[in-house]
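Visitor: Got a structure for you, written out below as structure tokens; questions coming shortly.
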Amino acid sequence: MLDAVPPLRAHAGAQDGERVIKLAVLAVGGQGGGVLADWITDVAERNGYVAQSTSVAGVAQRTGATIY
Numbered sequence: 249m250l251d252a253v254p255p256l257r258a259h260a261g262a263q264d265g266e267r268v269i270k271l272a273v274l275a276v277g278g279q280g281g282g283v284l285a286d287w288i289t290d291v292a293e294r295n296g297y298v299a300q301s302t303s304v305a306g307v308a309q310r311t312g313a314t315i316y
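Just so we're aligned, residue 249 is where the sequence shown starts under the numbering used here, counting upward by one.
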């Protein structure tokens, strides 16, 4: 079944076989979305991937939802 998934496009300057994987972690304030995003980034880096994450601080107090 995974063979049916089209390959992701590599970013400019990527080496052969490199792919960009984009992942959004959606959470409601206080549910640990930031911790989960940190864990995912840490696991990726430990396995040789270049990983980065960002978050919008304080949004949960205004809207109740956050995206990491």
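Beta carbons are placed, not taken as given, at the ideal position from N, Cα and C, and that holds for glycine.
#1: From the DSSP output, in three-state form, read off SER301 for me.
#2: Nearest-angstrom Cα distance between GLY280 and THR289?
#3: Going by the beta-carbon positions, is the gap between ALA292 and ALA299 smaller than 8 Å?
#4: Indicate the three-state DSSP secondary structure (helix, strand or coil) for VAL276 in the structure shown.
#5: Using a Cβ-Cβ distance under 8 Å, would LEU274 count as near chain B?
Guide: From the atom records:
#1: coil
#2: 14 Å
#3: yes
#4: strand
#5: No chain B appears in this structure, which consists of one protein chain only.
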